[in-house]
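Remarks on the structure that follows.
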Amino acid sequence: MRVAFLNPMFGTDFTKSARWFARSRGRVQRHPDYFCIAAGVVEAAGHEIFFLDAQAKNMPTPAALEKLKTFKPDMVVYQASTPSIDADIESARLCKEGLGGLHVMIGPHVTAEPEDTLNRADGAVDAVAIAEYDYTLRDLANGVPLRDCQGIAWMDGGAFVRNADRPYIENLDELAFPAWKHIDIYDYHDFGKLFPFLTLISGRGCRAKCTFCQLPQVMNGHQYRVRSVENVVDEIEYDIKLFPNLKEIMFEDDTLTMRSSQDRLVELCEAMIRRKVGISWSANARVDVNDLEVLKLMKRSGCRWLCVGFEFGDQQVLNNVKKGATIAQMHRFAQNAAKAGIRVHGCFMFGGPGETEETAQKTLDLSKRLPIDTAQFTAVVAYPGTAYYNWAKQNGYLKQTAWRDWVDENFEQRSTQELPGLTVEQINAFIDRGLRDFYLRPSQMWRMLRNIQNVPDLRAKLHGVKSFVSYFRNKERAFTGFVGNN
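Next comes the structure, spelled out in structure tokens:
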């Protein structure tokens, strides 16, 4: 079978592959790693594939459709997200009318809202794949009928049907490497990463129970299923061979460094040293990886940068979202990471249960006290399928009436809920204030300049500066337009 994988464009620079579905304030574009792994699985099964990340290229669907027509697929798979779902459906409708064949949609949103998705699609989509979709898509490509395929939902006439769930994949080493040869790695930017970079998923699922995090709750579960260390290093070596100009690998596991998994982390670092992979790497991390010797080993193996979810500066709010971390751990981690020579990007949020102006201010204060290199500030977003979404909906805090409202008119993230102690306007104001207060400090500017080590690092920082200016310029235009209309 000929299978096309399409990530349709929604808005300029929008991203569907990050944890927040939005046009990021840092203008980050993340690789469609899970989508590419599934494409690799289908290709390894003997099918011919065509992969087009139209979103990364800011390519409208009519132009993407012309490329698909040349390929003549028998099946088209679409990546979707919460804010873009209606636009994704319309892309599928246009493609189905122009191509025929089987049309399937994947992602966290359609997993959490399969019946709503299919009703909205009204025939534009034949099925949605639930949760992990690698083997589901392979089965469909192999000719398994919809009614017999595990892990999908579909419409039988006018009736919604959800087939038996597909079990989680236990042996992740059996999966193909991502079909990276079908993408252009220069389409993906992130001010925190050396350019060009690739992402790598060494394990799926997360034992943590953070109420706002969608991937474990909706897609991959709360068991951390890992690939063997040798298989992971094999992929790194494969990536380097495929892209000789590659500068960095980013581990996109929900958390590679969780304390209960640190024996494997040590083994992975030792394997990278032993096999002399010789490439910089970065990762998502939790603050419980605060053992100085482990951090030093990570540094020796090539670790340059960690993306860390500090989230909130108030312990009660942290407890309310079941973060499983303490403020004291945050300080110890940041100090030890600095001693080990590893840069830290801090992730901070506003809008947790019990959040007030006072607790939000604590988060701002914490971001400036920690010895970290860069930071991002976001609202907690209530995505379908999460405990946080259910809490906000049950309490009447959600104010959006359409999925499109999960982002603003510029496709940028905004708060999805009005809390008793903090309004939407206050949350959005804290986000902008956090960015300004953190980055416009002379000491922070000097820290970032001092840390530039090479040309790829300089390129990443220049992209960050450009994105920062672009974001606030758009905010200023929006404010001017608002004033002019009143």
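Residues in the sequence shown are numbered consecutively from 4, following our numbering. The beta-carbon is built from N, C-alpha and C at its ideal position, and this holds for glycine as well. Computed from a prediction, not measured in an experiment: that's the story for all the values here.
Residues near I345 by beta carbon distance below 8 Å, same chain, minus five either side: L298, M301, K302, C306, R307, W308, L309
Secondary structure, beta strand (DSSP E): runs of 3+ residues fully inside the stretch 309-392: 346-353, 377-382
Pairwise C-alpha distance: D411 and G160: 36 Å
Buried or exposed (CB count within 10 angstroms, at least 16 for buried), T404: exposed
Buried versus exposed call for L369 [16 or more other C-beta atoms within 10 Å across all chains shown]: buried
Three-state secondary structure assigned by DSSP to Q416: strand
Cβ pair count under 8 Å reaching 3, the stretch 92-108 against the stretch 120-130: yes
F180 vs Y241 beta-carbon contact at 8 Å: yes
8 Å Cβ cutoff met for E421 and Y442: no
Per DSSP, the bridge partner or partners of N287: C310
Backbone secondary structure at T202 - three-state DSSP: strand
Distance, E273 Cα to P247 Cα: 23 Å
Anticipated Cβ contact below 8 Å, K490 with D440, distance rounded: Nothing about residue 490 can be read from this structure; the chain reaches only from 4 to 489.
Contact check, V232 vs L271, beta carbons under 8 Å: yes
Three-state secondary structure assigned by DSSP to V131: strand
Cβ-based neighbour list, G467, same chain, cut-off 7 Å, excluding 5 preceding and 5 following: With a pLDDT of 49 at G467, under the threshold of 50, the predicted position of this residue should be treated as unreliable, though the coordinate-derived value follows. If we look at G467 and ignore the five residues flanking it on each side, its Cβ neighbours are G29, F194.
Spatial distance of T381 from F353 (CA atoms): 6 Å
Residues that W157 bridges to, as DSSP identifies them: A130, V164
Selection from P86, C152, D291 that minimises the alpha carbon distance to M333: D291
Beta-bridge partners of Q82, as assigned by DSSP: I109
Complete runs of the alpha helix (DSSP H) confined to the stretch 28-62 [at least 4 residues]: 36-47
Classification of P111 by the beta-carbon crowding that lies within 10 angstroms, buried from 16 upward: buried
Where the alpha helix (DSSP H) containing E100 begins and where it ends: 88-102
Bounding residues of the beta strand (DSSP E) (the contiguous stretch that carries E173): Per DSSP, E173 belongs to no beta strand (DSSP E) and is neither H nor E.
Three-state secondary structure assigned by DSSP to H466: Bear in mind that the predicted position of H466 carries a pLDDT of just 48, short of 50, making it unreliable; the figure below should be weighed with that in mind. It is helical.
Identity of the residue in F13, T426, Y386, I330 nearest W409 by Cα: Y386
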